[in-house]
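What follows is one structure encoded as structure tokens, with my remarks underneath.
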Amino acid sequence: SAQEKKEYPKPEAMRPAMTEFWTPQPKVVTPGDIKTNSAPSDAIVLFDGTNLSAWKSCKTGGDADWKLQNGVMTVDKSKGDIETKQHFGSFQLHIEWCVPENITGKSQARGNSGVFLQGMYEIQILDCYNNKTYTNGQTGSIYKQSTPKANAMRKPGEWNVYDIIYNAPVFNEDGSYRVPPTVTVIHNGVVLQNNVAIRGTTEYIGHPKVEKHGAGPIKLQSHGDPSEPISFRNIWLRKL
Ligand code: MG
């Protein structure tokens, strides 16, 4: 018996509209004012120069007690680290910091501070303007893990800007990373870390550890080095 020859309908020819999506439309975010460098409309403002109410002291759990003057907060080394009361998963963080003009000291003992992502992983802050240190400990390093791709420091007395994009990790049941945390760090418009996987906790001595955790705060470091304390301003975060 002869096989019947079947004719199938030809697929419709592709038209431009077939690969264009119209819904849902991305939400409208009003960007910050370029002149005043204000936060975008959907950002959580963590510090706008008026008060430290978004922060608490890591040491006491009470009010954050760093110095507040002229819209700027300055580390008080006698008071220890501060962290946000609110906890976050993945985010985009904007934070500005300034090393005082009269800074002294060298290597890690010169304007040392840091931003801890989810309270766990330190992006180093240090005065690296004409100040050599180990490369995986310089400004914009994932401390002791990943050397920054460039040194984009402004000189002491000038404001530096960090824009940090952070993806929180996903854990296996046994506490190992199924997806490690990743981070992009832009310093004064220059990419220092490009979607780099974080290997674990920030350790001064020894290797990173993987510790299961959930949402966490933004923590700012009050480093014990004897150099003059650095300042912060204009801190905001957008949840991702
Ligand atoms: Mg530090």
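The sequence shown begins at 8 in the numbering used here and counts up one residue at a time. Ideal Cβ positions, reconstructed from N, Cα and C, are used throughout, including at glycine.
Any idea if residue i is buried or exposed, counting beta-carbon neighbours within 10 angstroms, 16 or more meaning buried?
i	result
Y128	buried
F98	buried
R117	buried
Y150	buried
N174	buried
P18	exposed
Q228	buried
S153	buried
K42	exposed
T37	exposed
Would you mind reading off the limits of the beta strand (DSSP E) that contains residue i?
i	result
Y173	166-174
C105	98-105
I193	189-194
L247	Counting along the chain, L247 falls outside any beta strand (DSSP E), and DSSP gives it neither H nor E.
N137	Counting along the chain, N137 falls outside any beta strand (DSSP E), and DSSP gives it neither H nor E.
V76	Contrary to the premise, residue 76 reads as Gln rather than Val in this sequence. First-last of the beta strand (DSSP E) with Q76: 74-76.
Q200	197-204
F54	51-54
T81	79-81
For residue i, write down the residues that DSSP places opposite it in a beta bridge.
i	result
F123	E129, K226
E90	K63, K226
V177	V186
R22	DSSP lists no partner for R22.
D70	K63
F95	G223
S153	I149
Taking the alpha carbon of residue i as the reference point, which residue from the options has its own alpha carbon closest?
i	options	result
H194	T111, S60, I172	I172
E218	W243, I237, E180, K226	E180
K84	P233, S183, E165	P233
H220	G96, N143, P163	G96
L247	K34, E11, Y211	K34
P47	N58, G39, F54	G39
L75	A159, D55, K226	D55
G126	D88, K162, Y136	D88
T111	P163, M80, L100	P163
P224	N138, I51, E235	I51
V197	H230, N158, R185	N158
K63	R22, N241, N77, K92	K92
Q.
Counting beta carbon pairs with one atom in the region 160-170 and one in the region 184-194, are three or more of them shorter than 8 Å?
A. Yes: at least three Cβ pairs fall under 8 Å.
Q.
Quick check: the region 102-113 against the region 64-73, are at least 3 beta-carbon pairs closer than 8 Å?
A. Counting Cβ pairs under 8 Å, fewer than three are found: no touch.
(Q) Under 8 Å: do the region 18-30 and the region 206-213 share three or more Cβ pairs, one atom per stretch? (A) Three or more Cβ pairs closer than 8 Å define a contact, and the region 18-30 falls short of that threshold against the region 206-213.
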